[in-house]
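So the structure is just underneath, and the comments pick up after that.
Residue numbers (our numbering): 2 to 246.
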């Protein structure tokens, strides 16, 4: 892969598995040093840890740092960002990918489950973005990328849709706020369904037709393209992965 991100550092939140891990690998293959950030330090119900993803990147010849990060915890986010800056000298790219999916009819959704979805999928985006912006600004520009969704057809995912829509509005507003700092701000969603470990565990047994399944590498390639942007390029957009080639 062309080294279009050589000399750059990327912080990928939610990178221990699924789309986040795929994006982390692609950014590293494009030359970036990558902070692999998530809560998963040991194998749990779902496969994948920050250490295993970072090790894979290093074995492939890249640079990676596993950093423990709970995006709902302000102190945890600040420590993860500080550790990344201490190791790599700064941050140029953020990928805000951490997320949870809940499937409950709206009338039986417990408040705690609704709040948890908002805490991770919206407040988590706010916290990692707020923590990273000063470091990206200090580099003279860079790229912020939130992983969102264009779907609303999966029954019971109400809190998920609400949080992802709000994250998009946050980022579209930030694109204007940060233009003078030469920071590109975009959202990226899969064009179709990516069958991640989280989807397989939380998809309520839904069958996805083969033509609706998207290979994970489509998100990886699209993320690399958006990570190369600054405010003079693509910014203030909501992109679909396969539209970016």
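All C-beta atoms in this analysis are idealised placements derived from N, C-alpha and C, irrespective of residue type, glycine included.
Looking at the unbroken alpha helix (DSSP H) that takes in residue 118, where does it start and where does it end?
-> In the chain shown, the residue the question calls residue 118 occupies position 117. From DSSP, the alpha helix (DSSP H) with residue 118 extends over 112-119.
If you count every other CB in all the chains shown that lies within 10 Å of the CB of residue 90, and 16 or more means buried, which is it?
-> If you number the chain shown from 1, residue 90 lands on position 89. Burial call: exposed.
Are residue 159 and residue 107 close, meaning C-beta to C-beta below 7 Å?
-> Looking up residue 159 in the chain shown gives position 158. Looking up residue 107 in the chain shown gives position 106. In contact: residue 159 and residue 107 (Cβ atoms closer than 7 Å).
Who does residue 188 pair with in a DSSP beta bridge?
-> Position 187 of the chain shown, counting from 1, holds the residue named residue 188. Per DSSP, 147, 239.
In chain order, what residues of the same chain have a beta carbon less than 7 Å from the beta carbon of residue 86, not counting five sequence neighbours either side?
-> Working through the chain shown from its first residue, we reach residue 86 at position 85. Once the five neighbours on either side are set aside, the close Cβ partners of residue 86 are 92, 136.
Apart from the five residues on each side of it in sequence, which residues of its chain come closer than 7 Å, Cβ to Cβ, to residue 128?
-> For the purposes of this step, residue 128 is taken as residue 127 along the chain shown, with counting starting at 1. Excluding sequence positions up to five before and after residue 128, its CB lies within less than 7 Å of the CB of 72, 75, 78, all in the same chain and listed in chain order.
Taking residue 35 as the reference, which of 50, 48, 170, 54 has the closest Cα?
-> Counting from one through the chain shown, the residue named residue 35 turns up at place 34. Ranked by Cα distance from residue 35, the first of 50, 48, 170, 54 is 54.
Three or more C-beta pairs closer than 8 Å, one from the region 159-178 and one from the region 222-231: is that the case here?
-> no
Flag this pair as yes or no: are the beta carbons of residue 5 and residue 229 separated by less than 7 Å?
-> Locating residue 5 in the chain shown gives position 4, counting from the first residue. Locating residue 229 in the chain shown gives position 228, counting from the first residue. Cβ atoms of residue 5 and residue 229: closer than 7 Å.
Thinking just about the alpha-carbon of each residue, which of 30, 161, 242, 3 is nearest to the one in residue 11?
-> By 1-based counting over the chain shown, the position of residue 11 is 10. Out of 30, 161, 242, 3, 30 has the C-alpha closest to the C-alpha of residue 11.
Compare the C-alpha of residue 165 against each of 103, 244, 13 and name the closest.
-> Position 164 of the chain shown holds residue 165. The option with the nearest alpha carbon to residue 165 is 103.
Answer yes or no: do residue 191 and residue 144 have a C-beta to C-beta separation smaller than 7 Å?
-> On the chain shown, position 190 is the one that residue 191 refers to. On the chain shown, position 143 is the one that residue 144 refers to. Not in contact: residue 191 and residue 144 (Cβ atoms no closer than 7 Å).
Please state whether DSSP places residue 245 in a helix, a strand or coil.
-> Within the chain shown, residue 245 is the residue found at index 244, counting from 1. In the structure shown, residue 245 sits in a helix (DSSP, three-state: H, G or I).
Which residues bound the alpha helix (DSSP H) around residue 64?
-> The sequence position of residue 64 within the chain shown is 63, counting from 1. From DSSP, residue 64 is part of no alpha helix (DSSP H) but of the beta strand (DSSP E) over 64-69.
Simplified DSSP state of residue 5, which is helix, strand or coil | Here residue 5 refers to the residue found at position 4 when the chain shown is read from its first residue. Reduced to three states, the DSSP call for residue 5 is coil.
From this set, 189, 124, 235, 32, which residue's C-alpha is nearest residue 63's C-alpha?
-> Along the chain shown, one-based indexing puts residue 63 at 62. Taking only the C-alpha atoms, the option nearest residue 63 is 32.
Give the straight-line distance between the Cα atoms of residue 52 and residue 68, rounded to the nearest whole angstrom.
-> Taking the chain shown and counting its residues from 1, one reaches residue 52 at position 51. Taking the chain shown and counting its residues from 1, one reaches residue 68 at position 67. Distance between the alpha carbons of residue 52 and residue 68: 8 Å.
Pick from 39, 65, 17, 22: whose alpha carbon is nearest that of residue 8?
-> As a working note, residue 8 is residue 7 in the chain shown. When each option's Cα is compared against that of residue 8, the closest is 65.
Using the C-alpha atoms, what's the distance from residue 133 back to residue 28?
-> The residue given as residue 28 occupies position 27 in the chain shown. The residue given as residue 133 occupies position 132 in the chain shown. The alpha-carbon atoms of residue 28 and residue 133 are separated by roughly 17 Å.
Separation of residue 183 from residue 171, as counted between CA atoms | Taking the first residue of the chain shown as 1, we reach residue 171 at position 170. Taking the first residue of the chain shown as 1, we reach residue 183 at position 182. Taking the straight line joining both Cα atoms gives about 18 Å.
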